[in-house]
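Same order as they appear, the protein sequences are chains A and B. Once you know that position 28 of the first sequence is 27 in numbering that gives the first Met the number 0, the rest is easy, because the numbers rise by one and skip nothing. Once you know that position 122 of the second sequence is 121 in numbering that gives the first Met the number 0, the rest is easy, because the numbers rise by one and skip nothing. The beta-carbon is built from N, C-alpha and C at its ideal position, and this holds for glycine as well. Below you'll find the structure, written out as C-alpha cells, and then a few comments.
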Amino acid sequence: MNLLNQALGKLPNANALQLVSEFVKYQNVLAVQSTERERIAAKRAIVLQSLANEREVILDYFAKRFSERANSLDQCFSLLSQAINDKNDKAIDASLAGLLGIIGDNPLSDFEAFKRFRQSGEILEI
Amino acid sequence: MPFPIFIGVAAAALVANGVRKVWAARQRYQSAQEAYATAHEHYKGVVAQLEKARSLTNMRLDELGRKRLETLQVLGEAVSFLKKAKLKERNLLATMEIPIEQLEAWEAASVAASEVLNGLTKSVAAGAATAAGTYALVGTLATASTGTAIATLSGAAAQSATLAWLGGGAIAAGGGGVAAGTAVLGGVVAAPAIAVAAWLVDAKVGQIENEIETAITELAKDETEKLRLVDRLRITDARIDEVQDTTIKASAELRRLMSSSDPTDDAAAHRVWRLAAALGKLLEASILDKNGELT
Numbered sequence: 000m001n002l003l004n005q006a007l008g009k010l011p012n013a014n015a016l017q018l019v020s021e022f023v024k025y026q027n028v029l030a031v032q033s034t035e036r037e038r039i040a041a042k043r044a045i046v047l048q049s050l051a052n053e054r055e056v057i058l059d060y061f062a063k064r065f066s067e068r069a070n071s072l073d074q075c076f077s078l079l080s081q082a083i084n085d086k087n088d089k090a091i092d093a094s095l096a097g098l099l100g101i102i103g104d105n106p107l108s109d110f111e112a113f114k115r116f117r118q119s120g121e122i123l124e125i
Numbered sequence: 000m001p002f003p004i005f006i007g008v009a010a011a012a013l014v015a016n017g018v019r020k021v022w023a024a025r026q027r028y029q030s031a032q033e034a035y036a037t038a039h040e041h042y043k044g045v046v047a048q049l050e051k052a053r054s055l056t057n058m059r060l061d062e063l064g065r066k067r068l069e070t071l072q073v074l075g076e077a078v079s080f081l082k083k084a085k086l087k088e089r090n091l092l093a094t095m096e097i098p099i100e101q102l103e104a105w106e107a108a109s110v111a112a113s114e115v116l117n118g119l120t121k122s123v124a125a126g127a128a129t130a131a132g133t134y135a136l137v138g139t140l141a142t143a144s145t146g147t148a149i150a151t152l153s154g155a156a157a158q159s160a161t162l163a164w165l166g167g168g169a170i171a172a173g174g175g176g177v178a179a180g181t182a183v184l185g186g187v188v189a190a191p192a193i194a195v196a197a198w199l200v201d202a203k204v205g206q207i208e209n210e211i212e213t214a215i216t217e218l219a220k221d222e223t224e225k226l227r228l229v230d231r232l233r234i235t236d237a238r239i240d241e242v243q244d245t246t247i248k249a250s251a252e253l254r255r256l257m258s259s260s261d262p263t264d265d266a267a268a269h270r271v272w273r274l275a276a277a278l279g280k281l282l283e284a285s286i287l288d289k290n291g292e293l294t
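If you want it as C-alpha cells, here you go:
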C-alpha cells in the first residue's frame with residue numbers, strides 16, 4: 000500500500016507525460032542496477048580467482064619446500080647412522096650440524112623472496 | 000467509443016504488465032534469497048573446515064609436547080651414561096666442553112618429564128612447559144579468525160535483517176498494494192499508479208539483488224581469508240611433523256649410540272654428549288613466534 004501511495008504521489012493527475020517520465024526513470028534505474036550487479040559479480044570472480052591462484056602457488060611452494068627439507072633431513076640421518084656405526088666423529092658433527100641447520104631454518108625464510116620474484120615476473124636462477 | 004475502449008485496453012495492459020512485473024520481481028527476490036542461502040551454507044562449511052584444521056593443529060602440538068617429554072627422558076638417560084663415564088672425576092668436562100649446568104638441567108627436566116608422563120604430577124603446569132607458547136599462539140590465530148567471522152556474520156545478519164525488512168516490506172507492500180489499489184481505486188485512474196508501483200517494486204527488488212550480490216561477495220572474501228588460515232595451519236602442521244620426526248629419529252640414534260658405547264671410553268662419551276647436545280637444541284626449536292608466525 001505504501002508503494003501504491005508513493006506511486007499515486009508521483010502521478011497526482013494520472014498524467015500520461017508523467018507516466019512516460021516515470022517509465023524512463025524506471026528503465027534508467029534498472030539499467031544502472033543491472034550494470035552494478037554485473038560489475039560486482041565480475042569483480043568477485045576476478046578477485047576470487049586471483050586468491051585461489053595465490054593459494055595454489057603458496058601450497059605448492061610449501062609442499063616442495065618441506066619435501067626438499069625432508070629429503071635433506073633423511074640424508075643427514077643416513078650420514079649420522081653410518082657415522083655412529085663407523086665411530087666417525089667428523090661425520091657425526093657434520094650430520095648433526097646439518098640437522099640443526101635445517102630445523103633452525105625457518106621454512107618461510109625464502110618465501111618473501113619467492114613472492115617478490117613471482118610478482119616481478121623475473122625468472123629465478125637455480 | 001473507440002477512444003475510451005483504447006484507454007480501457009491501455010489501462011488493462013498497464014495493470015496486467017504491473018502484475019506480471021510484481022510477480023517476476025517476487026521470483027527474482029526469492030532467487031536472490033536462495034543464492035544468498037547457498038552462499039551462506041558454503042561459508043558455514045569453510046568455517047567448519049577452519050575449526051577442524053585448528054583442532055588438528057592443536058592435537059599435533061599436543062603430540063609434539065608429549066614426544067618432547069619422552070625425549071627429555073632420553074636426555075636423562077644420556078646424563079646417567081655420562082655420570083657412569085665419571086667425566087667430572089676425570090676432569091674431562093672442561094676438555095670436552097661439557098657444561099655441568101647443562102647436565103643438571105637435563106637431569107631435572109628428565110625427572111619432571113617422567114613425573115608428567117607417569118601421571119605423578121599434575122600435567123598442566125609441567126606439560127605446558129614444553130608447548131605453552133605454541134598452544135597460546137594457535138589460540139590467538141583462532142581468535143583472530145573468530146573475530147573476522149563474528150564481524151562478517153554480524154554484517155551478514157545485519158544484511159539479512161535489512162534484506163528481510165526491505166524485501167518483505169517491499170513485496171508485501173507491492174503485492175498488497177496492487178490488489179488493494181485495484182479494488183479501491185479501480186478503472187483508468189488506478190492503472191498508471193499500479194504500473195508505477197510495479198516499477199517501484201521491480202526497482203526495489205533490483206536494489207535488493209545488488210545488496211545480496213555484495214553480501215555474497217563479502218562472504219566469499221571472508222571464506223578466502225579463512226581458507227588462507229587453513230593453509231597456514233597446514234603449513235604449521237608440516238613444520239610440527241618435521242620437528243617431531245627429527246626429534247624422534249635423533250632420540251632413537253642417541254639411544255642406539257648409548258646402547259653400543261662403553262661409558263669409560265672417552266671418545267664414546269664425547270659422542271654421546273654431542274648427540275645429546277644436538278637433541279637438546281632440537282627440543283628448543285620453536286614452531287611459532289609470539290605473533291603466531293611460523294619460525
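- Please state whether DSSP places residue 86 of chain B in a helix, a strand or coil. For the purposes of this step, residue 86 of chain B is taken as the residue at position 87 of the second sequence. In this structure, residue 86 of chain B counts as coil in the three-state DSSP scheme.
- Message: List, in chain order, every chain A residue whose beta-carbon is nearer than 7 Å to that of residue 206 of chain B.
- Response: Along the second sequence, one-based indexing puts residue 206 of chain B at 207. Result: 32.
- Task: For residue 78 of chain B, collect the residues of the same chain with a Cβ closer than 6 Å to its Cβ; drop the 5 residues on either side in sequence, then sort them by chain order.
- Result: Within the second sequence, the letter at position 79 stands for residue 78 of chain B. Within the same chain, residue 78 of chain B has close Cβ partners 102, 105, 106.
- Can you name the start and end residues of the alpha helix (DSSP H) that residue 34 of chain A belongs to? Locating residue 34 of chain A in the first sequence gives position 35, counting from the first residue. From DSSP, the alpha helix (DSSP H) with residue 34 of chain A extends over 15-85.
- Query: Got a sec, what are the start and stop residues for the alpha helix (DSSP H) residue 111 of chain A sits in?
  - Reply: Position 112 of the first sequence, counting from 1, holds the residue named residue 111 of chain A. From DSSP, the alpha helix (DSSP H) with residue 111 of chain A extends over 110-119.
- Can you tell me the Cα-Cα spacing of residue 29 of chain B and residue 203 of chain B, whole angstroms? Residue 29 of chain B sits at position 30 when you count from the first residue of the second sequence. Residue 203 of chain B sits at position 204 when you count from the first residue of the second sequence. Each residue's Cα considered, the two are about 13 Å apart.
- Message: Does any residue of chain A have a CB that is nearer than 9 Å to the CB of residue 245 of chain B?
- Response: In the second sequence, the residue the question calls residue 245 of chain B occupies position 246. Closer than 9 Å to some Cβ of chain A, the Cβ of residue 245 of chain B qualifies, so yes.
- Message: Within 8 Å, do at least three Cβ pairs link the region 276-283 of chain B to the region 255-266 of chain B?
- Response: no
- Task: Go ahead and label residue 33 of chain A buried or exposed: buried means 16 or more other beta carbons lie within 10 angstroms of its beta carbon, across all protein chains shown.
- Result: Here residue 33 of chain A refers to the residue found at position 34 of the first sequence. Exposed: under 16 other Cβ atoms inside 10 Å.
- Which residues of chain A have a Cβ atom closer than 7 Å to the Cβ of residue 16 of chain B, listed in chain order? Your numbering for residue 16 of chain B matches position 17 in the second sequence. The premise fails here: residue 16 of chain B is roughly 11 Å from chain A at the closest Cβ pair, so nothing lies under 7 Å.
- Query: Name the chain A residues whose beta carbon is nearer than 7 Å to that of residue 248 of chain B?
  - Reply: The residue you call residue 248 of chain B lines up with position 249 of the second sequence. The contacting residues are 76.
- Message: When you compare the region 44-61 of chain B with the region 75-92 of chain B, are there three or more beta-carbon pairs, one atom per stretch, that lie closer than 8 Å?
- Response: no
- Have a look at B/37, B/286, B/192 and flag the residue whose alpha-carbon is nearest the alpha-carbon of residue 18 of chain B. If you number the second sequence from 1, residue 18 of chain B lands on position 19. Residue 18 of chain B has its Cα closest to that of B/192, out of B/37, B/286, B/192.
- Query: Ends of the alpha helix (DSSP H) at residue 103 of chain B?
  - Reply: Start at 1 with the first residue of the second sequence, and residue 103 of chain B comes out as number 104. Taken as a continuous stretch (DSSP letters only), the alpha helix (DSSP H) holding residue 103 of chain B covers 99-116.
- Using Cβ-Cβ distances below 8 Å, what residues of the region 71-98 of chain A are close to chain B? 72, 76, 79, 80, 83, 86, 88, 91, 92, 95, 98
- Can you list, in chain order, the residues of its chain whose CB lies under 6 Å from that of residue 139 of chain B, leaving out five sequence neighbours each side? What you label residue 139 of chain B is simply residue 140 of the second sequence in a count that begins at 1. At residue 139 of chain B the pLDDT is 29, less than 50, meaning the model places this residue with poor confidence and gives no usable figure here.
- Measuring alpha carbon to alpha carbon, tell me which of B/64, B/53, B/112, B/194 ends up nearest residue 132 of chain A. One cannot answer for residue 132 of chain A here, as it falls past the ends of chain A, which runs 0 to 125.
- So which residues on chain B does residue 39 of chain A lean against when the C-beta distance must stay under 9 Å? Within the first sequence, the letter at position 40 stands for residue 39 of chain A. Simply 209, 212, 213, 215, 216.
- Query: Can you tell me where the alpha helix (DSSP H) with residue 283 of chain B in it begins and where it stops?
  - Reply: Along the second sequence, read from residue 1 onward, the residue named residue 283 of chain B stands at position 284. Residue 283 of chain B -> alpha helix (DSSP H) spans 265-283.
- CA nearest to the CA of residue 48 of chain A, picked from B/222, B/284, B/13: By 1-based counting over the first sequence, the position of residue 48 of chain A is 49. Closest by alpha carbon: B/222.
- Stretch-stretch touch, CB-based, cutoff 8 Å, three pairs: the region 28-42 of chain B with the region 208-222 of chain B: yes
- Message: I'd like to know if the region 87-98 of chain A and the region 65-76 of chain A are in contact, where contact means that at least 3 CB-CB pairs between them fall below 8 Å.
- Response: yes
- Task: Would you tell me roughly how many angstroms separate the C-alpha atoms of residue 93 of chain B and residue 242 of chain B, rounded to the nearest one?
- Result: Taking the first residue of the second sequence as position 1, residue 93 of chain B is located at position 94. Taking the first residue of the second sequence as position 1, residue 242 of chain B is located at position 243. Their backbone Cα atoms lie some 31 Å apart in a straight line.
- Where residue 95 of chain A sits in the DSSP three-state scheme: Sequence index remark: in the first sequence, residue 95 of chain A carries index 96 (1-based). Here residue 95 of chain A sits in helix by DSSP.
- Please check the pair residue 293 of chain B and residue 235 of chain B, which I expect to be a contact at CB under 8 Å, by giving their CB distance rounded to whole angstroms. For the purposes of this step, residue 293 of chain B is taken as residue 294 along the second sequence, with counting starting at 1. For the purposes of this step, residue 235 of chain B is taken as residue 236 along the second sequence, with counting starting at 1. About 6 Å; that satisfies the 8 Å criterion.
- By the 10 Å Cβ neighbour count, where 16 or more other Cβ atoms means buried, how is residue 109 of chain B classified, buried or exposed? By one-based count along the second sequence, residue 109 of chain B stands at place 110. By the 10 Å Cβ count, residue 109 of chain B comes out buried.
- In this structure, does DSSP put residue 71 of chain B in helix, strand or coil? Residue mapping note: residue 71 of chain B aligns to position 72 of the second sequence, counting from 1. Correct three-state label for residue 71 of chain B: helix.
- Message: Please state the DSSP three-state secondary structure of residue 253 of chain B.
- Response: Sequence index remark: in the second sequence, residue 253 of chain B carries index 254 (1-based). Residue state, collapsed to three classes: helix.
- Taking Cβ-Cβ distances shorter than 8 Å, what residues in chain A pair up with residue 277 of chain B? Position 278 of the second sequence holds residue 277 of chain B. Those are 95, 98, 99, listed as they occur along chain A.
- Message: Along the chain, where does the alpha helix (DSSP H) containing residue 287 of chain B start, and where does it finish?
- Response: Against the second sequence, residue 287 of chain B aligns to sequence position 288. Segment: none, residue 287 of chain B is in no alpha helix (DSSP H) and carries neither H nor E.
- Going by the C-beta, is residue 79 of chain B closer than 8 Å to any heavy atom of the ligand GTP? Annotation note on the ligand GTP: not contained in the displayed structure, which lists no ligands.
- Message: If distances are taken between C-alpha atoms only, which option among A/50, A/44, A/59, A/22 comes closest to residue 113 of chain A?
- Response: Mapped onto the first sequence, residue 113 of chain A falls at position 114. It is A/59 whose Cα lies nearest to the Cα of residue 113 of chain A.
- Task: Would you please verify whether the beta carbon of residue 52 of chain A is less than 9 Å from any beta carbon of chain B?
- Result: In the first sequence, residue 52 of chain A corresponds to position 53, counting from 1. No, residue 52 of chain A does not count as interfacial toward chain B.
- Task: Consider the Cβ of residue 30 of chain B: report whether some Cβ of chain A lies at a distance smaller than 9 Å.
- Result: The count along the second sequence starts at 1 and reaches residue 30 of chain B at position 31. Judged by the 9 Å Cβ criterion, residue 30 of chain B is not in contact with chain A.
- Message: Please confirm whether residue 22 of chain A has its beta-carbon closer than 9 Å to some beta-carbon of chain B.
- Response: Stepping through the first sequence from its first residue, residue 22 of chain A is reached at position 23. Chain B contact via Cβ: present.
- Task: Below 7 Å CB to CB, which residues in the same chain sit around residue 247 of chain B once its five sequence neighbours on both sides are set aside?
- Result: As a first step, residue 247 of chain B must be located in the second sequence, where it is residue number 248. Contacts found: 66.
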